[in-house]
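**Q** Residue numbers for the sequence shown follow my numbering, beginning at 2 and rising by one. Don't be surprised by glycine CBs; every beta carbon is placed ideally from N, CA and C.
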Amino acid sequence: MRASTVLLCGVVLIQVFAAQIDAKSSRSPWQTLSGDAPLVIARGGFSGLFPDSSSVAYKFAKQTSVAGTVLWCDVQLTKDGHGICFPDLKLNNASNIGDLFPNRQNFYPVNGVTSQGWFTIDFSLRDLKNASLIRGIFSRSEKFDGNGYSILTVQDVSMQIKPESFWLNIQHDAFYAQHNLSISSFLISASRTVSIDYISSPKLNFFSKVKGRFWRNEPSFVFQFLGKEEFEPTTKRTYGSILSNLTYVKTFASGILVPKSYILPLDDKQYLLPPTFLVQDAHKAGLQLYVSGFANDVDIAYNYSFDPVSEYLSFVDNGYFSVDGVLSDFPITASASIDCFSHIGRNARKQMDFLVITKNGASGDYPGCTDLAYEKAIEDGADVIDCSVKMSSDDPGIYTFNLTWPEIQSLTPAIMNPYRSYNMFRNPNEKNSGRIISLSEFLHLANKSTSIYGVLISVEYVVYLREKQGLDVVKAVLDTLTETGYSNGTSTTKVMIQSTHSSVLVDFKKKSKYETVYKVEETIRDISDSAIEDIKKFANAVVIGKSSVFPDVGSFVTGQTNVVERLRKSKLPVYVELFQNEFVSQPYDFCSDATVEINTYITGAGINGTITEFPLTASRYKRNQCLGRKETPSYMSPIKPGILLSLANPRSLPPAEAPYPVFTEDDVTESPQPPGTEKSPSSSTNAQTHRPSGQTRLTLSLRLSVFASLLLL
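#1: So, using beta-carbon positions, are F226 and F208 closer together than 8 Å?
#2: Cα separation between D527 and R567?
#3: Would V496 and V385 be called neighbours here (beta carbons separated by less than 8 Å)?
#4: In angstroms, rounded to a whole number, what distance separates the CA positions of K732 and V259?
#5: Please give the ranges of any beta strand (DSSP E) in the region 239-265, keeping only runs that are unbroken, at least 3 residues long and fully inside the region.
#6: Identify the continuous alpha helix (DSSP H) that holds G388 and give its terminal residues.
#7: Can you list, in chain order, the residues of its chain whose CB lies under 7 Å from that of I152, leaving out five sequence neighbours each side?
#8: Considering Cα atoms alone, identify which of P673, Y487 and S504 is closest to K514.
#9: Kindly list the residues whose CB is nearer than 7 Å to the CB of V57, restricted to its own chain and excluding five residues on each side of it in sequence; keep chain order.
#10: Cβ atoms of V544 and I612: under 8 Å apart, would you say?
#11: I need the DSSP call for F316, collapsed to helix, strand or coil.
#12: In three-state terms, what does DSSP make of R421?
#13: For the region 94-110 against the region 198-213, are there 3 or more C-beta pairs whose distance is under 8 Å?
#14: If you run the structure through DSSP and keep just helix, strand and coil, what is S26?
#15: For a quick check, are the C-beta atoms of G382 and S306 less than 8 Å apart?
#16: Given that a residue counts as buried once 16 or more other Cβ atoms are within 10 Å of its Cβ, and exposed if not, what is S192?
#17: Closest by CA to K60, which one among S635, A659 and L188?
#18: Would you mind reading off the limits of the beta strand (DSSP E) that contains G84?
#19: Can you tell me whether G49 is buried or exposed, with buried defined as 16 or more other CB within 10 angstroms of its CB?
#20: Secondary structure at P622, three-state DSSP: helix, strand or coil?
#21: Quick one: residues in its chain with C-beta nearer than 6 Å to the C-beta of Y177, no 5 flanking neighbours on either side, listed in chain order?
#22: On the three-pair Cβ rule with 8 Å, is the region 246-255 touching the region 308-318?
#23: Judging by CA-CA distance, which residue of K270, P276 and P275 is the nearest neighbour of Y303?
#24: Compare the Cα-Cα distances from P651 to each of F557, S29, P588 and E408 and report the closest residue.
#25: With the cut-off set at 8 Å, would you say V554 and A606 are in Cβ contact?
#26: Taking only the alpha-carbon atoms, compute the straight-line gap between N541 and V518 and give it to the nearest angstrom.
#27: Given a cut-off of 8 Å on the beta-carbon distance, is the pair I438 and D387 in contact?
#28: Locate the beta strand (DSSP E) running through R44, then write down its first and last residues.
#29: Quick check: the region 159-169 against the region 650-670, are there 3 or more CB pairs under 8 Å?
#30: On the premise that Y367 lies in contact with I416, defined as a C-beta separation below 8 Å, what is that separation, rounded to the nearest angstrom?
#31: Provide the residue(s) that pair with Y109 in DSSP beta bridges, ordered along the chain.
#32: By how many angstroms is the C-alpha of G362 removed from the C-alpha of N715?
#33: For L356, which residues does DSSP report across the bridge?
#34: What's the C-alpha gap between G352 and T633?
#35: Where does G287 land, buried or exposed, given buried means 16+ other C-beta within 10 angstroms?
#36: Helix, strand or coil, according to DSSP, for I409 in the structure here?
In structure tokens form, the structure reads like this:
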């Protein structure tokens, strides 16, 4: 019986407005009210990483953001009338105040609801001298807590941080007034020594208290909209209803600040609905429109494939409108989105040359190894699409060689959810979409594409299939390649064969002229000269894991190995896996942004290719216009390994681990592949993969996997 290879490999989420559309031609590429680029507003500094409103958060925001970034301060008043930058009027939400004053909590009505906590109005500035800032959102890392970051006054931020532009947000003017404290008086007084550029508040009557009273140039006043169903206390109207009278808002404010959902609403499944016309309406009324709620480590619409850059682009560069500013906890991503990735079309000149290689197609968007996953990968700009010819699983199950091709075709594919434990799921509307295709269909699909550079076929478990099942994987793959025109010169698509087994690649080298790629499964800290020389005898390139480039501990990058440098010096291209968009897949150093991670591996480590489940993110990076400048901006510079680790609290880090091993010649060398023998399929549910020497193997049970290509009789 003839062996045929079946791929189980998914389809792009539709990006709202096609974010890659070139901006309409005009005097300015920006569709903001002023025609200038949208503002980046750093909420509490770089509060996505560091304690909100801490000195390190403000400094890091300045260092990693576009010029002119606005620093945001939520102003609270102390008992003695000092203005501090703190995200809430209850100090226990983001400081260690409860440890210092365990008996000083109190009860106060806030917006009509009694609340308990350590309120700023019960403490003088002197009381807060020894208090330190900690994370205010418990889903974020605690590793920067306990570093003694002091609570800063408005004057401290102005004098010590020296923001280019300063935004003061006033949430609780009425609450402080009830306790004989006046924020408006504080602001007027502070303006003598502090340059205040923007003041926002969700209370309409607040603006009448401060308008026209400032010592210097009057700041821009911005009315903040809260939830559409919430009531604005002055007018007793909902914020949603106030939207219908923006001309009135223009009488006391130059801009409005709204949540993201006011512009791009979501349905109950977290998918985008059609956009509103609020940006156009605000601009028509002469109001600038700023948007709040941007953070890399929170749920965003599934349409964005966990990619925050795509989300920013849908607000600033969608071909229809541009908001005037974005309020972000991760200003590095906002800066790069606006300055590096806006107004570049899919055909823009590539600024960086490396291969974007898929992992089971665009498997972050559709079930891996399906027609939809491959079509999406091609559409997204992948250079190489891959097919995994293997049989593996951690659980007992059905053998693929016990199923017929029609039975395989009747199966329902399922999308991979590697971060289910974090309650993160990929594109649930398409979780079972797509059709299982054969290897020959996969090869024909690649050959029809004019943009694909090549295909990568990964081959594993060859010894077991030959010895135990009488299946010759090497022959089956080569026969299929011949039948589809890849060996007779009719195809211009490059073919690469990948394996963790040197003996498999030696076998392919003997029988074909295809390029071969050796995958190093172990995480390594170095590689010996003898191992490199041995690899060069049978492989044209090498695949290694991300931690073999940038080792990490406790979710912090600790350094950089010389593995990539040594392999490239020996003329072996290096491809690295696995790149994913979900922020939980990355060390903190990459700021919960897959683009920051890719940039560090490409420009920092010099790798030749990324192996990714989200090819759009890597493909878009190639057209990054910041890379074509004489001076690369800070937000597009690779991270320096170990810098963030040095800022973490040493007591919060795990103990040091044993160093990764050095990869040697003994790890490469294997016995030749055994000849195939015809056998009936075994009924055993577990099999030990035979490997006389080389990389460590695990005992695997073999079953049908909907995420990998499988070999069938």
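**A** Let me spell this out:
#1: no
#2: So the alpha carbons of these two residues sit roughly 9 Å apart.
#3: no
#4: With the chain represented from 2 up to 714, any question about residue 732 goes unanswered, as that position is not in the structure.
#5: 256-260
#6: The question names Gly, but residue 388 is Cys in the sequence shown. Element bounds for C388: not the alpha helix (DSSP H) but the beta strand (DSSP E), V385 to V390.
#7: I85, F87, S96, L129, A132 and L134
#8: Y487
#9: F51, Y150 and L648
#10: yes
#11: Three-state DSSP puts F316 in a helix.
#12: helix
#13: no
#14: Because the pLDDT of S26 is 37, which lies under 50, any placement of that residue in the model is unreliable, and the number read from its coordinates should be weighed accordingly. Coil, per DSSP.
#15: no
#16: buried
#17: S635
#18: G84 to C86
#19: Result: buried.
#20: It is Tyr, not Pro, that sits at residue 622 in the sequence shown. Under the three-state reduction of DSSP, Y622 is assigned to helix.
#21: L78 and I184
#22: no
#23: K270
#24: F557
#25: no
#26: 6 Å
#27: The Cβ atoms of I438 and D387 do not sit closer than 8 Å to each other.
#28: L40 to R44
#29: no
#30: 6 Å
#31: Answer is S116.
#32: Because the chain here runs from 2 to 714, residue 715 falls outside it and cannot be looked at.
#33: BP columns for L356 point to G610.
#34: Rather than Gly, the amino acid found at residue 352 in this sequence is Gln. Cα-Cα distance, rounded: 12 Å.
#35: Exposed is the call here.
#36: DSSP, reduced to helix, strand and coil, places I409 within a helical segment of the structure shown.
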